[in-house]
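Below: the structure, in structure tokens.
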Amino acid sequence: MRAILKTKAAIVGALMASTTVAAAGDVEVLHWWTSGGEAAALNVLKQDLEGQGIGWTDMPVAGGGGEQAMTVLRARVTAGNAPTAVQGLGFDILDWGNQGALADLNEVAAKEGWDDVVPDALKAFAKVDGKWVSAPVNVHSTNWVWANKAVLDANGIGVPTNWEEFTAALDTLKAAGITPIAHGGQAWQEATVFDAIAMSVLGPDGYKAAFIDLDEETLGSDAMKEAFDRMAVIRANVDDNFSGRDWNLATAMVINGEAGFQMMGDWAKGEFLNAGKVPGEDFLCFRFPGTTEQVTFNADQFMMFDQGGAVSTEQAALASAILSPSFQSAFNVVKGSVPARTDVSDADFDACGKQGMKDLAAAAASGNLFGSMAHGHAAPASVKNAIYDVVTAHFNGEYDSQTAVEELVDAVSIAK
Numbered sequence: 055m056r057a058i059l060k061t062k063a064a065i066v067g068a069l070m071a072s073t074t075v076a077a078a079g080d081v082e083v084l085h086w087w088t089s090g091g092e093a094a095a096l097n098v099l100k101q102d103l104e105g106q107g108i109g110w111t112d113m114p115v116a117g118g119g120g121e122q123a124m125t126v127l128r129a130r131v132t133a134g135n136a137p138t139a140v141q142g143l144g145f146d147i148l149d150w151g152n153q154g155a156l157a158d159l160n161e162v163a164a165k166e167g168w169d170d171v172v173p174d175a176l177k178a179f180a181k182v183d184g185k186w187v188s189a190p191v192n193v194h195s196t197n198w199v200w201a202n203k204a205v206l207d208a209n210g211i212g213v214p215t216n217w218e219e220f221t222a223a224l225d226t227l228k229a230a231g232i233t234p235i236a237h238g239g240q241a242w243q244e245a246t247v248f249d250a251i252a253m254s255v256l257g258p259d260g261y262k263a264a265f266i267d268l269d270e271e272t273l274g275s276d277a278m279k280e281a282f283d284r285m286a287v288i289r290a291n292v293d294d295n296f297s298g299r300d301w302n303l304a305t306a307m308v309i310n311g312e313a314g315f316q317m318m319g320d321w322a323k324g325e326f327l328n329a330g331k332v333p334g335e336d337f338l339c340f341r342f343p344g345t346t347e348q349v350t351f352n353a354d355q356f357m358m359f360d361q362g363g364a365v366s367t368e369q370a371a372l373a374s375a376i377l378s379p380s381f382q383s384a385f386n387v388v389k390g391s392v393p394a395r396t397d398v399s400d401a402d403f404d405a406c407g408k409q410g411m412k413d414l415a416a417a418a419a420s421g422n423l424f425g426s427m428a429h430g431h432a433a434p435a436s437v438k439n440a441i442y443d444v445v446t447a448h449f450n451g452e453y454d455s456q457t458a459v460e461e462l463v464d465a466v467s468i469a470k
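Okay, so the sequence shown: first residue is 55 according to my numbering, each after it adds one.
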């Protein structure tokens, strides 16, 4: 009950803060980038606009998956007071676009050639009926593992290349009295872990069949049961205080040497960098074992809400700034993600960033680039949330793996 009251209080607080009206010449931006690394990355965009004489009215709503931010947004839109721009993901963008709530950015996009440099996989979530309605900021890939190098070295652990090597590493860390996996007990975090495990077990064809095509046979398969069995192994290797922990606090456990691994998207790298850590020296980044050729992604974008039928000068400036090559490089170097444009140099990126850009290009070319189920880029929100419920219930011991498979088939069937 306390958690529910805290959530309600956070939402009410955000709504009260939202009554501050942005002045003319300002942009009011609703987002959920509140951790240290995220705030540092967002500051790059703020400074870009300030350099153009455009003020920034900040509207942060904490919560790594954006659920609380969407709750606040719905209230704002219902009240006829939509923000200038709102951070959005995947099908949430398409839902608002199909409701006619978003501005038409085609003039800006045509002027700056967005269609020539933004990958088709991102366009699928940035355009509605041929109209650009949002500006892609980045591409995050979600099937990463982050590790404390000193902890692994001290325990004789190398980078695991398959599930068996990974579980052996977990056993070694547990025997040494170190928490093997840093995890935050929130539905979207559990879904992020399950996303990578499912890809490793099902393979790319099975992943697509299950989470994009929503094929009942694949959802109810023995392979899916194996994925849940492996989730049970993960559950056995997290600490007792994981429930409700924010993702960045889990990342801090790895940074501080309290845990060996974290399975999280590449926004986690921003936390390592913000703490002054160096990839390859202080921490390691690698694809979840069994997914080295695949990339599951989400892409942060800023939806521009219709403000009277025309794109305002400030909205156009914000959209233009977001897609500029200089910003795409500067922002993503700090954020941990890779650019949403294909023509940005990797010169300023660190080893993990260069690897991420290389992996993304290879996956896109080979047909191994998939929208992440866990992050709203594989199926609509109703289906995503139904999967969340089953995955979290299983993780918390409410279902065994076979029951979870049966519940998954039923939940997706009802939701789709």
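C-beta: ideal position from N, C-alpha, C; glycine also. Quantities reported herein were computed from a predicted structural model and do not represent experimental measurements.
First and last residue of the alpha helix (DSSP H) that includes residue i?
i      : result
MET411 : 405-420
PRO379 : 379-389
VAL255 : 241-261
LEU303 : 301-309
LEU423 : Careful: LEU423 lies outside any alpha helix (DSSP H), inside the beta strand (DSSP E) at 423-425.
With residue i as the anchor, note down where its beta strand (DSSP E) starts and where it stops.
i      : result
TRP198 : 198-202
ARG341 : 337-341
PRO234 : 233-235
GLN355 : 355-358
VAL140 : 139-142
Residue i by DSSP, collapsed to three states: which one?
i      : result
ALA77  : Residue placement at ALA77 is poorly supported in this model, since its pLDDT is 48, which falls under 50; the coordinates still yield a value, given next. Correct three-state label for ALA77: coil.
VAL115 : coil
VAL126 : helix
VAL332 : coil
VAL459 : helix
VAL437 : helix
TRP87  : coil
MET318 : coil
SER366 : coil
ASN291 : coil
GLU104 : helix
GLY151 : helix
SER195 : strand
GLY324 : helix
ILE65  : Model confidence at ILE65 stands at a pLDDT of 35, short of 50, so the residue's coordinates are unreliable; what they give is reported in the following sentence. Here ILE65 sits in helix by DSSP.
LEU227 : helix
ALA432 : coil
ALA136 : coil
PHE351 : strand
LYS181 : strand
SER188 : strand
VAL392 : strand
PHE296 : coil
ASN450 : coil
Using a beta-carbon distance below 8 Å, is residue i in contact with chain D?
i      : result
SER426 : Checking the listed chains, one finds no chain D in this structure; it contains a single protein chain.
Among the options, whose alpha-carbon lies nearest the alpha-carbon of residue i?
i      : options                           : result
VAL83  : GLY90, THR111 and LEU103          : THR111
LEU159 : ALA95, ALA175, ASN295 and SER366  : SER366
ALA116 : VAL387, VAL126, PRO379 and GLY324 : VAL126
GLY298 : ALA415, ILE251 and TRP242         : TRP242
PRO434 : LEU143, LEU103, VAL131 and ASP102 : LEU143
ALA94  : ASN135, ALA384 and GLY451         : ALA384
VAL332 : PRO137, ALA157, ASP404 and ASP207 : ASP404
ARG128 : GLN153, GLY105 and GLU104         : GLN153
ASP402 : ARG395, ASN386 and LYS412         : ASN386
VAL466 : LEU156, GLY151 and GLY274         : GLY274
ASP464 : PHE359, ASP283, ALA164 and ASP443 : ASP443
ALA322 : ILE288, GLY363 and THR246         : THR246
ASN450 : GLY362, ALA290 and PRO393         : ALA290
MET427 : ASP267, ALA223 and GLU460         : ASP267
CYS339 : PRO214, ALA223 and CYS406         : CYS406
LEU227 : GLN240, ILE211 and THR215         : ILE211
ALA304 : ASP360, ILE235, GLY421 and SER378 : ILE235
PRO379 : ASP102, GLY79 and SER89           : ASP102
ASP536 : ALA458, ASN209 and GLN240         : Shown here, the chain extends from 55 to 470; a query on residue 536 therefore has no answer.
THR221 : PHE315, ALA415, VAL205 and GLY362 : PHE315
Is the CB-CB distance between residue i and residue j below 8 Å?
i      : j      : result
THR345 : MET253 : yes
ILE147 : MET357 : yes
GLY231 : PHE296 : no
LYS410 : ASP354 : Going by the sequence as given, residue 410 is Gly instead of Lys. Contact flag unset, no.
HIS7   : SER391 : With the chain represented from 55 up to 470, any question about residue 7 goes unanswered, as that position is not in the structure.
ALA286 : VAL255 : no
MET317 : VAL199 : yes
GLY430 : ASN310 : no
GLN348 : PHE424 : yes
LYS389 : GLY324 : yes
ALA180 : VAL172 : yes
PHE337 : ALA250 : no
ARG284 : TRP217 : yes
ASN192 : THR350 : no
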